[in-house]
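Peer 1: Numbering (the numbering used here), first residue to last: 6 to 218.
One structure, as structure tokens, below. Some questions next.
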């Protein structure tokens with residue numbers, strides 16, 4: 006029986022791949038969980054587009070500071086040496102190539118690394134792209150965290166995106182509840198699969214060709 010990774014297990018897997026000294030932006034939603042799984046002995050500088058650098062894990066219940074939030078309006082902590090600044094300066098960091106990694110959620114990722122993560126056409130969808138375009142193009146590497154399939158069983162990994170694009174060919178790695186995939190010139194290479202999953206089952210759940218070592 007296949008054991009899907011939980012959201013926290015996906016976050017822990019992403020945290021494992023963030024190197025010492027990296028400057029990292031965590032996108033709204035699922036990516037914010039990554040902060041809770043970074044090893045305390047590893048120095049990683051977490052950035053938020055609303056003007057924070059040096060974020061720590063989520064605060065303990067009852068210890069929230071309503072003035073200290075991330076871009077998704079969730080309470081966060083600030084590590085020693087952390088800084089606040091104008092969001093204009095924050096976007097200059099994003100657009101200027103000063104971030105090593107950004108971790109984003111997605112509605113779809115294409116086999117060539119195209120990213121669609123801001124609009125599905127739904128009436129209650131986020132009305133604008135926000136800083137996602139700046140992050141997708143400005144960061145040196147883009148990691149995507151998401152469920153492998155929609156609630157109705159459709160693959161979020163596709164041959165070509167059908168939703169409006171956030172960035173073209175920008176995704177480097179995809180982390181889902183079923184697998185970890187690397188986007189390369191030849192396509193999507195499987196780095197890791199959930200326990201009990203076979204290559205045939207993973208391919209059947211994915212609407213784009215996969216490469217297995």
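Glycine residues also receive a C-beta, built at the ideal position from the N, C-alpha and C atoms.
What does DSSP give as the partner residues of residue 197 in its beta bridges?
Peer 2: 185
Peer 1: From the DSSP output, in three-state form, read off residue 90 for me.
Peer 2: Taken through DSSP and simplified to helix, strand or coil, residue 90 comes out as coil.
Peer 1: Classify residue 54: buried if its beta carbon has 16 or more other beta carbons within 10 angstroms, exposed otherwise.
Peer 2: Looking at its Cβ environment, which holds 16 or more other Cβ atoms inside 10 Å, residue 54 is buried.
Peer 1: Which whole-angstrom value is the C-beta distance of residue 60 and residue 81, which I expect to be below 8 Å?
Peer 2: Indeed they touch by this definition, with Cβ atoms about 5 Å apart.
Peer 1: Within the chosen definition, does the region 158-172 reach the region 85-99 through at least 3 CB pairs nearer than 8 Å?
Peer 2: no
Peer 1: Check this for me: beta carbons of residue 207 and residue 184, under 8 Å apart or not?
Peer 2: Their beta carbons are under 8 Å apart, which means residue 207 touches residue 184 by this criterion.
Peer 1: Specify the secondary structure class of residue 85 as computed by DSSP and reduced to three states.
Peer 2: strand
Peer 1: Thinking just about the alpha-carbon of each residue, which of 92, 73, 36 is nearest to the one in residue 56?
Peer 2: 92
Peer 1: Tell me, please, which residues DSSP counts as bridged to residue 142.
Peer 2: DSSP output for residue 142 lists no bridge partner at all.
Peer 1: At the level of alpha carbons, what is the spacing between residue 210 and residue 16?
Peer 2: 21 Å
Peer 1: Considering only DSSP beta bridges, list what residue 52 is partnered with.
Peer 2: By DSSP's assignment, residue 52 forms a beta bridge with 30, 58.
Peer 1: Given that a residue counts as buried once 16 or more other Cβ atoms are within 10 Å of its Cβ, and exposed if not, what is residue 205?
Peer 2: exposed
Peer 1: According to DSSP, what are the bridge partners of residue 134?
Peer 2: Answer is none; residue 134 lacks a bridge partner.
Peer 1: If contact is defined by three or more beta carbon pairs under 8 Å, each pair taking one atom from either stretch, is the region 106-115 in contact with the region 68-88?
Peer 2: no
Peer 1: Determine the burial state of residue 118: buried for a count of at least 16 other Cβ atoms within 10 Å of its Cβ, exposed for fewer.
Peer 2: buried
Peer 1: Hey, how far is the Cα of residue 123 from the Cα of residue 138?
Peer 2: 9 Å
Peer 1: Residue 35 and residue 150 look like a contact to me (Cβ under 8 Å); what is the Cβ gap, rounded to whole Å?
Peer 2: 5 Å
Peer 1: Within a Cβ cutoff of 7 Å, which residues of the same chain sit near residue 77, ignoring the five residues on either side of it in sequence?
Peer 2: 33, 34, 37
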